[in-house]
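Student: This is the structure I have questions about; it appears just below.
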Amino acid sequence: MSALTVKQLDRLVRVGDQVKISDGRGLYFVIPKRGEPYFSFRFTNRIGKRREMTIGQYPAMSLANARKVSEEHRNAVREGKDIIVEAQRQQWLHLQTCDDVFKDWFENDLNVRLKHPKIPQRLYEREMSPVIGSLSIGEVTARDIREILRRVRDSGRPSIANDVLMYSKQFFNHAIRLDLTQNNPAAAFRISDAGGVEKSRDRVLEYSEIEHVFRIMRENQQSFGRSNYLACCLLLLLGVRKSELLHARWQEFDLENSVWNLPAERSKTDVAIRIPLPRLAREHFKELKFLAGRSEYVFPARRTSKKPYVSADTLNRAIAAIFGVYWGRDVQAKVHDVEYFRVHDLRRTCRSLLAELGVEAHVAERCLNHKLRGVEGIYNRHDYFNERRTALDVLAKHLKSVL
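In structure tokens:
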């Protein structure tokens with residue numbers, strides 16, 4: 000068969016029929032059933048197995064260039080080289096810096112394996128990249144890792160320092176798997192070198208503390224913010240997670256029937272749940288609807304931001320300001336004999352109050368959208384909606400005078 004011409008290729012492309020035609024010496028022109036036309040190269044490897052590889056899209060790769068590349072491949076095959084492996088290695092040449100390697104790790108591992116891959120991405124971009132991002136993997140030393148951990152630890156974020164150490168080890172293990180380095184500079188570091196062993200928080204607000212601190216929030220609404228106050232009230236009344244509340248859309252709510260339909264994709268348990276709203280909570284949401292204006296979010300962003308809802312740190316920063324403490328520091332400050340607390344402590348307080356009010360444990364756990372444990376969790380799929388409504392109504396009546 001005579002060699003192909005550019006006119007022939009253009010005519011085949013215009014017709015658009017599926018075709019695979021040889022140009023000779025292992026080079027083929029292919030128009031697939033779906034997708035763009037391309038050149039491929041067929042060869043027999045050193046163990047006698049027929050292989051085929053794509054060498055370029057048409058017309059981005061010209062016919063003359065395709066012939067040149069296929070001839071280079073033929074020569075490589077004669078020398079006993081595995082040209083498919085060589086082509087894959089060429090793709091890895093772009094992994095020059097740590098930033099390049101992290102992008103590969105994110106796209107080919109984290110984004111596939113993790114439910115929330117943006118957590119390690121955010122930690123890398125904020126904490127690791129400023130120190131090692133422009134360095135090649137082989138240039139990074141244990142001293143660089145120590146500097147990263149020191150900066151995070153000195154900023155008063157011990158738990159973040161521990162996370163950074165964990166992801167640093169995983170990151171360099173990924174580089175080792177790609178044969179980009181034989182050394183993991185983070186391997187020798189321990190938790191004690193980062194943020195230390197973390198203590199589980201057990202802070203629960205007493206009724207008198209709730210009364211004091213929520214009164215202070217109301218008296219300082221100009222600085223604390225009305226939306227922040229209502230958010231804290233709802234976290235205490237409903238026991239939901241901070242992200243579930245702050246990222247909520249109005250389309251999730253049926254205020255007429257006092258129900259919040261939390262979708263599976265926003266639930267930590269990956270299961271949708273209907274949350275009954277006591278009357279007090281419904282009134283708070285109605286006020287938030289007015290404050291949100293035309294936004295589709297219950298808590299819209301208050302300044303220009305990449306995200307349309309408020310930052311995850313907003314409430315903790317507002318609470319810290321009341322106590323007059325530096326954000327992020329582990330403090331023991333007090334206001335009116337109320338010890339410093341964080342947003343998640345309101346959820347723990349809600350659970351403790353439900354127990355104090357005599358709500359059965361399995362109902363209280365479902366109020367907090369916890370999965371039931373053990374065999375019961377496997378076989379008991381009852382939603383306890385009515386029981387949860389009764390429990391949250393009792394809690395709202397208990398807290399109404401202080402909220």
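The opening position of the sequence shown corresponds to residue 0 in numbering that gives the first Met the number 0, with each subsequent residue numbered one higher.
We put the beta carbon where it would ideally sit given N, CA and C, even for glycine.
Note that the structure is a prediction, hence the values are computed from the model and not measured.
(1) Look at the alpha carbon of E70 and the alpha carbon of S242, and state the distance between them as a whole number of angstroms.
(2) Where does I321 fall in DSSP's three states?
(3) On a Cα-Cα basis, can you pick out the residue from R66, A319, A390 and P262 that is closest to E338?
(4) Grab the span of the beta strand (DSSP E) containing S39 for me, first residue to last.
(5) Would you mind sorting G238 into buried or exposed? The rule is 16 or more other CB atoms within 10 Å of its CB.
(6) Can you tell me whether DSSP reads G137 as helix, strand or coil?
(7) Counting along the chain, where does the alpha helix (DSSP H) carrying M216 start and finish?
(8) Please confirm whether A63 and Y57 have their CB atoms less than 9 angstroms apart.
(9) For a minimum of 4 consecutive residues, which ranges assigned as the alpha helix (DSSP H) are wholly contained in the region 40-116?
(10) Is it right to say T313 is buried, meaning 16 or more other beta carbons lie within 10 angstroms of its own, or is it exposed?
(11) Assess contact between the region 242-258 and the region 349-360, defined as three or more Cβ pairs (one per stretch) separated by less than 8 angstroms. Is contact present?
(12) Checking 9 angstroms against the spacing of the C-beta atoms, do D162 and I118 come in under that value?
(13) Quick check: what's the CA-CA separation for L419 versus P129?
(14) Could you spell out the range, first to last residue, of the beta strand (DSSP E) harbouring I190?
(15) Which residues share a DSSP beta bridge with Y296?
(16) Mind checking G376: buried by the 16 CB within 10 Å criterion, or exposed?
(17) Starting from F28, trace the beta strand (DSSP E) in both directions and tell me its first and last residue.
(18) To the nearest angstrom, how far is the alpha carbon of A160 from that of R202?
(19) Kindly indicate which three-state DSSP category P275 falls into: helix, strand or coil?
(20) From the DSSP output, which residues share a beta bridge with N260?
(21) So, for F171: in the same chain, excluding its five sequence neighbours on each side, which residues have a beta-carbon less than 8 angstroms away from its beta-carbon?
(22) To the nearest angstrom, how far is the alpha carbon of V111 from that of I175?
(23) At which residues does the alpha helix (DSSP H) containing K370 begin and terminate?
(24) Report yes if the CB atom of A390 is closer than 9 angstroms to the CB atom of L279, and no otherwise.
(25) Do the region 265-273 and the region 304-311 touch if we need at least three Cβ pairs shorter than 8 angstroms?
(26) Tell me which residues share the same chain as S222 and place their Cβ nearer than 8 angstroms to its Cβ, disregarding the 5 neighbours each side in the sequence.
(27) Looking only at its own chain, which residues have a Cβ that is under 8 angstroms from the Cβ of V374, when we skip the five neighbours before and after it?
(28) Label A247 either buried or exposed according to how many other C-beta atoms from any shown protein chain fall within 10 Å of its C-beta, with 16 as the threshold for buried.
(29) Output the distance between the C-alpha atoms of H343 and V212, rounded to the nearest integer angstrom.
(30) Once the 5 residues before and after V151 are set aside, which same chain residues still bring their CB inside 7 angstroms of it?
(31) Helix, strand or coil for K399 per DSSP?
Tutor: Looking at the coordinates:
(1) Sequence index remark: in the sequence shown, residue 70 carries index 71 (1-based). Sequence index remark: in the sequence shown, residue 242 carries index 243 (1-based). So the two alpha carbons sit approximately 58 angstroms from each other.
(2) Reading the sequence shown from its first residue, position 322 is the one you call residue 321. Here I321 sits in helix by DSSP.
(3) Numbered from its first residue, the sequence shown carries residue 338 at position 339. Selected option, being the one with the closest Cα: A319.
(4) The residue labelled residue 39 in the question sits at position 40 within the sequence shown. Y37 to T43 is the span of the beta strand (DSSP E), which, as asked, contains S39.
(5) Start at 1 with the first residue of the sequence shown, and residue 238 comes out as number 239. Counting Cβ neighbours within 10 Å, G238 comes out buried, since at least 16 surround it.
(6) Looking up residue 137 in the sequence shown gives position 138. Looking at G137 - three-state DSSP - the assignment turns out to be helix.
(7) Counting from 1 along the sequence shown, the entry for residue 216 is found at position 217. In this chain, the alpha helix (DSSP H) harbouring M216 covers Y206 to E218.
(8) Looking up residue 63 in the sequence shown gives position 64. Looking up residue 57 in the sequence shown gives position 58. It is not a contact, given that the beta carbons lie outside the stated cut-off.
(9) 62-77, 82-90 and 97-104
(10) Counted from its first residue, the sequence shown places residue 313 at position 314. By the 10 Å Cβ count, T313 comes out buried.
(11) no
(12) Along the sequence shown, read from residue 1 onward, the residue named residue 162 stands at position 163. Along the sequence shown, read from residue 1 onward, the residue named residue 118 stands at position 119. Cβ atoms of D162 and I118: closer than 9 angstroms.
(13) Limits of the chain in this structure are 0 at one end and 402 at the other, which puts residue 419 out of reach.
(14) For the purposes of this step, residue 190 is taken as the residue at position 191 of the sequence shown. That residue, I190, is in no beta strand (DSSP E); it is neither H nor E in DSSP.
(15) As a working mapping, residue 296 is identified with position 297 in the sequence shown. In the DSSP output, where bridge partners are listed per residue, Y296 has R248.
(16) Position 377 of the sequence shown, counting from 1, holds the residue named residue 376. Any reading at G376 needs caution, since the residue's pLDDT is 48, under 50, leaving its predicted position unreliable; the model's value is listed next. Exposed, since its Cβ has fewer than 16 Cβ neighbours within 10 Å.
(17) The residue labelled residue 28 in the question sits at position 29 within the sequence shown. Per DSSP, F28 is one residue of the beta strand (DSSP E) stretching across L26 to I30.
(18) Locating residue 160 in the sequence shown gives position 161, where the first residue counts as 1. Locating residue 202 in the sequence shown gives position 203, where the first residue counts as 1. Cα to Cα, A160 sits roughly 22 angstroms from R202.
(19) Taking the first residue of the sequence shown as 1, we reach residue 275 at position 276. Looking at P275 - three-state DSSP - the assignment turns out to be strand.
(20) As a working note, residue 260 is residue 261 in the sequence shown. Note: N260 sits in a beta bridge opposite R273.
(21) Translated into the one-based positions of the sequence shown, residue 171 becomes position 172. Annotation for F171: I136, V139, T180, N182, N183, P184, A185 and A186 place their beta carbon closer than 8 angstroms to its own, counting only its chain and skipping 5 residues before and after.
(22) Working through the sequence shown from its first residue, we reach residue 111 at position 112. Working through the sequence shown from its first residue, we reach residue 175 at position 176. Going by the C-alpha atoms only, they are around 19 angstroms apart.
(23) For the purposes of this step, residue 370 is identified with residue 371 of the sequence shown, where counting begins at 1. It is not in any alpha helix (DSSP H) - K370 carries neither H nor E in the DSSP assignment.
(24) Taking the first residue of the sequence shown as position 1, residue 390 is located at position 391. Taking the first residue of the sequence shown as position 1, residue 279 is located at position 280. No.
(25) no
(26) Your numbering for residue 222 matches position 223 in the sequence shown. Cβ neighbours of S222 within its own chain (closer than 8 angstroms, five residues either side excluded): A320.
(27) What you label residue 374 is simply residue 375 of the sequence shown in a count that begins at 1. At V374, the pLDDT of 44 sits below 50, so the modelled position is not reliable and the matter cannot be decided from this model.
(28) Position 248 of the sequence shown holds residue 247. A247 comes out buried.
(29) For the purposes of this step, residue 343 is taken as the residue at position 344 of the sequence shown. For the purposes of this step, residue 212 is taken as the residue at position 213 of the sequence shown. Cα to Cα, H343 sits roughly 15 angstroms from V212.
(30) The count along the sequence shown starts at 1 and reaches residue 151 at position 152. Taken in chain order, the residues that qualify are E126, I159, A160 and V163.
(31) On the sequence shown, residue 399 is found 400 positions in, with the first residue counted as 1. Three-state result, K399: coil.
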